[in-house]
Amino acid sequence: MDFLEPMIALDETHYQDGYKDGYDDGMVSGKEEGRQVGLKLGFQVGEELGFYQGCLDVWMSIIRLDQGAFSARVRKYMEQLAALLSNYPLSDPENNHLQDMMKEIRLKFRVITGSLGAKLGYEGRPTSSEQDLEDI
Numbered sequence: 001m002d003f004l005e006p007m008i009a010l011d012e013t014h015y016q017d018g019y020k021d022g023y024d025d026g027m028v029s030g031k032e033e034g035r036q037v038g039l040k041l042g043f044q045v046g047e048e049l050g051f052y053q054g055c056l057d058v059w060m061s062i063i064r065l066d067q068g069a070f071s072a073r074v075r076k077y078m079e080q081l082a083a084l085l086s087n088y089p090l091s092d093p094e095n096n097h098l099q100d101m102m103k104e105i106r107l108k109f110r111v112i113t114g115s116l117g118a119k120l121g122y123e124g125r126p127t128s129s130e131q132d133l134e135d136i
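Read in UniProt numbering, the sequence shown has 41 at position 41, and its numbers run on one by one without any break.
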């Protein structure tokens, strides 16, 4: 029997114990970090969707008061925006099409505001996903 074997076995035992402790701690802190990131990004998405819905609600109120307030083309864009907003799957955060759907909503909003000649935009939206992760 080699006199170093017990030391090697002890070293391996400590390594395995340390790895297990680190892994367990990582699972706990990783879940909490993931939860915090999810809450922050979910709030940002909800805030942005709420902004678009609020603008749409105001425009629709104007239409109810004055049918001729907007052109037929702009009203059609508003109806399309309403459909996009109502079809956004708020309760399905793992939907693979969320990014594409949000891009469509933003584009339709820009088309409407451009058609109205309005300089209106959602200011709270971060410029990139990387920025979101750096802020956390």
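Glycine is no exception: its CB is placed at the ideal position from the N, C-alpha and C atoms.
*So, does the CB of G26 fall closer than 8 Å to a CB anywhere in chain B?*
Looking at the structure shown, chain B is missing, and only one protein chain is on hand.
*Thinking just about the alpha-carbon of each residue, which of P93, L56 and P89 is nearest to the one in F109?*
From the listed residues P93, L56 and P89, the smallest Cα separation to F109 is found for L56.
*Boundaries of the alpha helix (DSSP H) in which K31 is found, first to last residue*: Residue range E5 to L65 is occupied by the alpha helix (DSSP H) that includes K31.
*asked:* By the three-class DSSP mapping on this structure, what secondary structure does N87 have?
replied: Note: N87 maps to helix in three-state DSSP.
*Could you tell me if L84 is buried or exposed, where buried requires 16 or more neighbouring beta carbons within 10 angstroms of its beta carbon?*
L84 is buried by the Cβ-count criterion.
*In angstroms with no decimal places, state the Cα-to-Cα distance between Q16 and G22.*
Rounded to whole angstroms, the gap between the alpha carbons of Q16 and G22 is 10 Å.
*Among residues of its own chain, excluding the 5 on either side of V111, which ones have a beta-carbon nearer than 7 Å to its beta-carbon?*
Take V111, set aside five residues on each side of it, and the residues of its chain with a beta-carbon closer than 7 Å to its own are Y77, in chain order.
*Measure the alpha-carbon distance for N96 versus S71 and round it to whole angstroms.*
In a straight line, the C-alpha of N96 is about 35 Å away from that of S71.
_Nearest-angstrom Cα separation, counted from D2 out to L41_ = The C-alpha of L41 lies about 57 Å from the C-alpha of D2.
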